[in-house]
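In the UniProt record's numbering, the protein residues as written are 1 to 172.
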């Protein structure tokens with residue numbers, strides 16, 4: 001972005017993206033359109049702890065762009081923090097996060113709205129648990145990916161969880 005833009009944005013790990021994230025982003029898009037602002041998703045580069053981050057950033061973005069092809073998706077990086085990214089947003093911008101994250105971004109100069117998660121709502125933890133236990137039905141219900149991507153991302157999440165939870169072999 002060259003000029004400071006008025007945006008409504010969210011920032012998260014989205015690992016993995018699920019129907020709760022999708023619902024929140026749908027609300028961001030609707031609010032942005034209504035207020036003539038640009039909707040933006042900022043995807044964290046975070047990989048730690050490994051057992052909570054089975055998908056790499058590009059896979060998370062692929063899912064989010066599949067749901068929201070016309071929404072701007074930005075990436076954080078070790079040298080590009082959320083504070084650095086938001087320097088391009090004007091002070092009229094609004095950040096939307098889940099209720100559990102509302103106080104995590106007090107250092108940013110924007111108004112913040114938090115969204116309360118209903119009891120038993122989708123969560124990345126529940127998705128990872130479903131994948132770990134091989135519960136495809138629960139996984140599909142929580143993620144609602146299209147049928148082609150559903151199987152692909154189930155395997156990617158499973159592979160990421162396996163890879164990242166392997167322990168070192170003890171010496172013989």
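Beta carbons: idealized from backbone N, C-alpha and C, even for Gly.
- Of the residues assessed, residue 136 falls on the exposed side of the cut-off, its CB having fewer than 16 other CB atoms within 10 angstroms.
- By the Cβ neighbour-count rule, residue 125 is exposed, with fewer than 16 other Cβ atoms within 10 Å of its own.
- For residue 132, the enclosing alpha helix (DSSP H) starts and ends at 124-132.
- Apart from the 5 residues on each side of it in sequence, residue 83 sits with its Cβ closer than 7 Å to the Cβ of 107, 108 in its chain, given in chain order.
- Residue 7 and residue 38 do touch by the CB rule: their CB atoms are close to 5 Å apart, below 8 Å.
- Separation of the CB atoms of residue 93 and residue 9 is rounded to 7 Å, and the pair is thereby assigned contact status at 8 Å.
- Taking 7 Å as the cut-off, the Cβ atoms of residue 43 and residue 60 count as close.
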